[in-house]
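Structure first, then comments.
Protein chains: 2
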Amino acid sequence: MKQAFYLFHTGRLRRKDSTVWFEPLVDETSHADGYDDTLLASIGDEMTPEWSLKRSDRNIREKRVIPIEEIDAMWVMTELCMNNRFFELLSRHQIPLFLVNYRGNVTGTWWPGQMAGESPVLLNQASSILKAEQKAYTASEIQLASVVNMRQVLRGHRYHGCPFGDSIAMLEAEIEQWDRLPDESARFLAEARCKKEYYTAIGSLLNPPWTFSGRDRQPPGDPVNAVISWLNTLLYGTVATEIARAGLHPGLGYIHSNRVNRQSLALDLADIFKPILADRLALTLFNRRQFSPTDFETSPDKDGVWLNRAARILVTREWENRIKTTLLHPVHKRSMNWRQIIRTDAICLRHFIDDGSDLQFFELPV
Amino acid sequence: MKQAFYLFHTGRLRRKDSTVWFEPLVDETSHADGYDDTLLASIGDEMTPEWSLKRSDRNIREKRVIPIEEIDAMWVMTELCMNNRFFELLSRHQIPLFLVNYRGNVTGTWWPGQMAGESPVLLNQASSILKAEQKAYTASEIQLASVVNMRQVLRGHRYHGCPFGDSIAMLEAEIEQWDRLPDESARFLAEARCKKEYYTAIGSLLNPPWTFSGRDRQPPGDPVNAVISWLNTLLYGTVATEIARAGLHPGLGYIHSNRVNRQSLALDLADIFKPILADRLALTLFNRRQFSPTDFETSPDKDGVWLNRAARILVTREWENRIKTTLLHPVHKRSMNWRQIIRTDAICLRHFIDDGSDLQFFELPV
Numbered sequence: 017m018k019q020a021f022y023l024f025h026t027g028r029l030r031r032k033d034s035t036v037w038f039e040p041l042v043d044e045t046s047h048a049d050g051y052d053d054t055l056l057a058s059i060g061d062e063m064t065p066e067w068s069l070k071r072s073d074r075n076i077r078e079k080r081v082i083p084i085e086e087i088d089a090m091w092v093m094t095e096l097c098m099n100n101r102f103f104e105l106l107s108r109h110q111i112p113l114f115l116v117n118y119r120g121n122v123t124g125t126w127w128p129g130q131m132a133g134e135s136p137v138l139l140n141q142a143s144s145i146l147k148a149e150q151k152a153y154t155a156s157e158i159q160l161a162s163v164v165n166m167r168q169v170l171r172g173h174r175y176h177g178c179p180f181g182d183s184i185a186m187l188e189a190e191i192e193q194w195d196r197l198p199d200e201s202a203r204f205l206a207e208a209r210c211k212k213e214y215y216t217a218i219g220s221l222l223n224p225p226w227t228f229s230g231r232d233r234q235p236p237g238d239p240v241n242a243v244i245s246w247l248n249t250l251l252y253g254t255v256a257t258e259i260a261r262a263g264l265h266p267g268l269g270y271i272h273s274n275r276v277n278r279q280s281l282a283l284d285l286a287d288i289f290k291p292i293l294a295d296r297l298a299l300t301l302f303n304r305r306q307f308s309p310t311d312f313e314t315s316p317d318k319d320g321v322w323l324n325r326a327a328r329i330l331v332t333r334e335w336e337n338r339i340k341t342t343l344l345h346p347v348h349k350r351s352m353n354w355r356q357i358i359r360t361d362a363i364c365l366r367h368f369i370d371d372g373s374d375l376q377f378f379e380l381p382v
Numbered sequence: 017m018k019q020a021f022y023l024f025h026t027g028r029l030r031r032k033d034s035t036v037w038f039e040p041l042v043d044e045t046s047h048a049d050g051y052d053d054t055l056l057a058s059i060g061d062e063m064t065p066e067w068s069l070k071r072s073d074r075n076i077r078e079k080r081v082i083p084i085e086e087i088d089a090m091w092v093m094t095e096l097c098m099n100n101r102f103f104e105l106l107s108r109h110q111i112p113l114f115l116v117n118y119r120g121n122v123t124g125t126w127w128p129g130q131m132a133g134e135s136p137v138l139l140n141q142a143s144s145i146l147k148a149e150q151k152a153y154t155a156s157e158i159q160l161a162s163v164v165n166m167r168q169v170l171r172g173h174r175y176h177g178c179p180f181g182d183s184i185a186m187l188e189a190e191i192e193q194w195d196r197l198p199d200e201s202a203r204f205l206a207e208a209r210c211k212k213e214y215y216t217a218i219g220s221l222l223n224p225p226w227t228f229s230g231r232d233r234q235p236p237g238d239p240v241n242a243v244i245s246w247l248n249t250l251l252y253g254t255v256a257t258e259i260a261r262a263g264l265h266p267g268l269g270y271i272h273s274n275r276v277n278r279q280s281l282a283l284d285l286a287d288i289f290k291p292i293l294a295d296r297l298a299l300t301l302f303n304r305r306q307f308s309p310t311d312f313e314t315s316p317d318k319d320g321v322w323l324n325r326a327a328r329i330l331v332t333r334e335w336e337n338r339i340k341t342t343l344l345h346p347v348h349k350r351s352m353n354w355r356q357i358i359r360t361d362a363i364c365l366r367h368f369i370d371d372g373s374d375l376q377f378f379e380l381p382v
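Here the protein sequences come in this chain order: A and B.
Heads up: the first sequence begins at 17 in the working numbering, then just goes up one per residue.
Heads up: the second sequence begins at 17 in the working numbering, then just goes up one per residue.
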């Protein structure tokens with residue numbers, strides 16, 4: 017099964033035939049605590065340090081060899097050196113690479129040429145967004161799926177004994193009258209009401225000392241928001257990857273304003289999965305007591321809260337484990353992992369754009 | 017003045033504050049003949065080898081420090097190692113990076129996020145292409161500018177004593193009746209006739225032993241075509257860069273079919289400049305006797321002719337020198353180098369898309 021590789025350890029990435037070699041480096045400037053095996057697959061037993069530019073290097077520890085077929089995406093979270101042939105290999109195999117800083121901001125993305133939007137599809141996609149009625153319909157379906165999934169997440173918790181009757185009833189009522197909402201702004205207001213109710217309910221599930229009174233971002237102002245923001249960064253990249261694989265352009269969206277340098281379609285579709293993948297996982301991690309207050313750092317100007325390196329690794333590992341779990345897709349009746357489920361939604365949108373096929377986004381079964 | 021940097025020598029590229037450090041490496045696998053100073057600016061006198069991952073390295077020769085403000089684009093023509101912070105710096109300063117193999121194929125491109133098409137403009141651009149009349153008009157204006165520039169190049173040679181009367185008259189006649197051509201396919205045929213006449217005339221200017229009987233590409237079948245193809249690769253990247261800087265998407269074009277992974281708008285606008293920049297320069301280089309037959313290599317399957325490393329460096333250096341020369345722009349009445357002239361055409365198209373401003377592409381004054 018393909019998986020994403022998250023690089024938290026300083027080193028080098030280079031191509032060797034149809035594999036990627038990761039060669040971790042140790043010196044006085046890097047973290048000497050080693051890198052986490054669960055974040056980088058170890059394949060084969062080739063342990064000879066070798067590097068095309070340097071024939072001998074005492075600082076290179078054993079390398080890891082990753083067959084290109086196993087890579088879904090590369091995430092570079094640290095100082096890393098990569099060679100041109102590595103990028104060529106990524107391009108040939110349609111693998112994106114994300115550069116992420118410690119605040120969880122994507123500071124650059126390597127999009128293989130064919131993933132930057134197939135031009136004929138791009139024209140269709142733009143055409144669909146330019147048609148006011150199609151744009152409004154698509155946006156409405158995405159928002160509805162997002163609200164339905166908020167309700168499903170709350171329902172899931174109710175089955176575990178949480179008294180969410182009022183919140184669920186409120187979301188229920190909004191969903192019931194969704195199709196009768198007169199226009200776009202009414203739907204935006206309804207979605208905002210649902211989000212508020214949903215986040216209040218979610219916040220009440222948190223065990224002390226952690227608190228959460230709603231989303232607060234760019235920058236996040238507390239530990240819970242910091243973890244959700246980090247997870248959302250991982251979710252956006254995952255959704256953008258699947259959108260691009262479906263041949264659509266991640267930057268042309270239906271809901272999020274088409275501003276410069278925003279992956280607006282990725283932000284759109286991510287809303288469907290945020291309650292299920294990001295919020296639920298954050299809640300689980302906090303309630304499992306996997307964090308201590310020292311895992312979080314406040315920026316010097318008190319303007320934001322960030323995860324420290326250990327917490328970033330922890331959250332990222334749990335994220336990758338979570339999205340590799342499988343589920344019976346309620347419509348396609350096949351067992352799929354979360355990447356495949358997201359891909360199914362992107363392909364569904366692509367078919368809708370191509371020939372007006374039914375638009376039916378993922379709704380979590382409970 | 018900004019310039020493109022072309023890396024032909026194995027080494028490392030990394031960020032140091034707001035500069036790029038190029039650290040050439042020497043070992044048994046790299047070319048030991050040194051790298052060419054004209055292809056990499058040497059700024060300052062900092063000669064201390066230093067590298068964040070390696071504190072001491074006998075193989076690092078003196079580094080070159082390039083202030084980011086001087087970089088227009090990076091072209092990687094060899095085995096090179098680049099760090100993540102280097103890519104972040106490129107993204108922040110809107111500098112693309114092209115990976116090119118020895119055959120002149122672009123095997124990957126780093127497009128800074130904001131250069132991948134501002135979404136609102138992308139919608140306008142798509143909308144303009146979706147309107148059949150606007151698409152046909154724009155395509156026609158591009159083709160006409162291309163044919164006019166073929167004529168101008170021939171006229172330039174006539175002033176130097178070449179008897180091109182018939183060819184010029186033929187192009188003249190096609191240009192004169194251009195606006196009366198009934199449809200797109202008539203214009204395509206007219207353009208093809210002009211190209212044939214033009215390339216025959218150009219071929220007659222070549223001194224022996226070189227011959228040229230028309231364009232032959234993917235792969236090029238003879239030395240002259242090989243040089244033109246290499247120059248066209250440099251031209252496409254330069255045009256794509258200026259298109260992206262103008263906020264347009266290089267992949268959504270008017271003439272070249274919007275196929276997957278093709279920079280079709282870059283191919284469109286490059287046609288305006290090919291006669292002036294690529295063909296003329298190739299002719300000059302051959303007639304100045306700057307090549308010997310050993311500068312070209314035939315692929316083992318006899319399926320193509322390629323430039324050797326020295327010839328690639330020679331042609332690239334001459335290209336960069338050529339596009340840095342300035343000219344009085346016939347419309348804007350300002351002295352501009354060729355990058356600025358290409359940018360002016362991209363901005364002109366952007367204004368046409370935005371608000372229907374006049375579309376007037378560059379025509380070479382003679």
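Note that CB positions come from ideal geometry on N, CA and C, so glycine has one too.
Next item on the list: Pull up the distance between the alpha-carbon of A161/B and that of L380/B, whole angstroms please.
Entry: Rounded to whole angstroms, the separation of the alpha carbons of L380/B and A161/B is 9 Å.
Checklist line | Inside the segment 78–147 of chain A only - alpha helix (DSSP H) runs reaching at least 4 residues | finding: If only complete runs of 4 or more residues are kept, the segment 78–147 of chain A shows the alpha helix (DSSP H) at 100–108 and 135–146, in order along the chain.
Notebook entry, point to check: From the DSSP output, which residues share a beta bridge with Y22/B?
Noted result: Paired residue(s): W91/B.
Checklist line | Paired residues, beta bridge with W335/B - DSSP | finding: For W335/B, which the question treats as bridged, DSSP gives no partner whatsoever.
Margin query: Which residues in chain A have a C-beta closer than 8 Å to the C-beta of R278/B? List them in chain order.
Written below: By Cβ distance, chain A contributes S135.
Next item on the list: Answer yes or no: does any C-beta atom of chain A fall closer than 8 Å to that of S107/B?
Entry: Taking CB atoms only, S107/B has a neighbour in chain A less than 8 Å away.
Margin query: Could you tell me the alpha carbon to alpha carbon distance between I363/B and L251/A, rounded to whole angstroms?
Written below: Separation of I363/B and L251/A (C-alpha to C-alpha, rounded to the nearest whole angstrom) is 36 Å.
Check: Using DSSP with H/G/I as helix, E/B as strand and the rest coil, what is G237/B?
Finding: The answer is coil: DSSP assigns G237/B none of H, G, I, E or B.
Margin query: Comparing C-alpha positions only, which one of L187/B, P136/B, N165/B and S373/B sits nearest to F287/B?
Written below: Note that residue 287/B corresponds to Asp in the displayed sequence, not to Phe. Looking at the Cα atoms, N165/B is the closest of the given residues.
Notebook entry, point to check: Which one or two residues does DSSP pair with S351/B in a beta bridge?
Noted result: S351/B is bridged to L344/B.
Item checked: Under 8 Å between C-beta atoms of Q279/B and A256/B -> In terms of Cβ geometry, Q279/B and A256/B form a close pair [threshold 8 Å].
Notebook entry, point to check: Cβ of W246/B within 8 Å of Cβ of G124/B?
Noted result: The Cβ atoms of W246/B and G124/B do not sit closer than 8 Å to each other.
Item checked: Residue burial classification, L344/A (beta-carbon count within 10 angstroms, cutoff 16) -> Label assigned to L344/A: exposed.
Item checked: Segments of 4+ residues assigned as alpha helix (DSSP H) that fall wholly inside the segment 203–279 of chain B -> Taking only runs of at least 4 residues, the alpha helix (DSSP H) segments lying wholly in the segment 203–279 of chain B are 239–261.
Check: Is it the case that the Cβ atoms of F324/A and E313/A are separated by a distance below 8 Å?
Finding: According to the sequence provided, residue 324/A is Asn. The question's Phe does not apply to it. Cβ distance < 8 Å, so N324/A and E313/A count as in contact.
Next item on the list: Let me know if M90/B comes out buried or exposed under the rule of 16 or more other beta-carbons within 10 Å of its beta-carbon.
Entry: Buried is the call here.
Item checked: Exposure of D311/B, with buried meaning 16 or more beta-carbon neighbours within 10 Å -> Per the 10 Å Cβ criterion, buried.
Next item on the list: Output the distance between the C-alpha atoms of L281/A and S107/A, rounded to the nearest integer angstrom.
Entry: When rounded, the distance between both Cα atoms is 22 Å.
Checklist line | Where K318/A falls: helix, strand or coil (DSSP) | finding: Annotated three-state conformation of K318/A is coil, per DSSP.
Margin query: Bridge partners for L29/A per DSSP, in chain order?
Written below: The partner list for L29/A (beta bridge, DSSP) reads F38/A and M98/A.
Note to self: To the nearest angstrom, how far is the alpha carbon of V36/B from that of I84/B?
What the structure shows: Distance between V36/B and I84/B, taken at the CA atoms: about 6 Å.
Margin query: Mapping the DSSP letters down to three states, classify L380/A as helix, strand or coil.
Written below: Note: L380/A maps to coil in three-state DSSP.
Margin query: Quick check: the segment 181–200 of chain A against the segment 232–248 of chain A, are at least 3 beta-carbon pairs closer than 8 Å?
Written below: As far as the Cβ criterion goes, the segment 232–248 of chain A does not touch the segment 181–200 of chain A, which means the pair count is below three.
Notebook entry, point to check: Are the C-beta of M90/A and some C-beta of chain B separated by less than 8 Å?
Noted result: No, M90/A lies away from the interface with chain B (no Cβ there is under 8 Å from its Cβ).
Note to self: Given a cut-off of 8 Å on the beta-carbon distance, is the pair I87/B and K18/B in contact?
What the structure shows: At the C-beta level, I87/B and K18/B come within 8 Å of one another.
Note to self: Please tell me whether T123/B has its Cβ less than 8 Å away from any Cβ of chain A.
What the structure shows: So yes, T123/B belongs to the interface.
Checklist line | Where F302/B sits in the DSSP three-state scheme | finding: In the three-state reduction of the DSSP assignment, F302/B falls in the helix class.
Notebook entry, point to check: Which of helix, strand or coil does DSSP assign to F307/B?
Noted result: In the three-state scheme derived from DSSP, where H, G and I count as helix and E and B as strand, F307/B is classed as coil.
Item checked: F24/B versus A326/B - alpha carbon distance -> One C-alpha to the other measures close to 10 Å.
Checklist line | Exposure label - V347/A; buried when at least 16 CB within 10 Å | finding: By the neighbour-count rule (16 or more Cβ atoms within 10 Å), V347/A is not buried but exposed.
Checklist line | CA-to-CA distance, K151/A to R338/B, given in whole angstroms | finding: Cα to Cα, R338/B sits roughly 47 Å from K151/A.
Checklist line | First through last residue of the alpha helix (DSSP H) which encompasses I184/A | finding: Residues G181 to E192.
Next item on the list: Taking C-beta pairs closer than 9 Å, name the residues in chain B that E5/A reaches, listed in chain order.
Entry: Residue numbering for chain A in the displayed model covers 17 to 382; residue 5/A lies beyond these limits and cannot be assessed.
Note to self: On the CB-based measure, 16 or more other CB atoms within 10 Å of its CB, does D295/B come out buried or exposed?
What the structure shows: Its Cβ being crowded by 16 or more others within 10 Å, D295/B is buried.
Next item on the list: Identify whether E62/B lies in helix, strand or coil by the three-state DSSP scheme.
Entry: Note that E62/B scores 29 on pLDDT, short of 50, meaning its location in the model is unreliable; the coordinates nonetheless yield the value given after this. Correct three-state label for E62/B: coil.
Checklist line | Proximity winner among T332/B, R203/B and W354/B, relative to Y118/B (alpha-carbon distances) | finding: Among T332/B, R203/B and W354/B, the Cα nearest to that of Y118/B is on T332/B.
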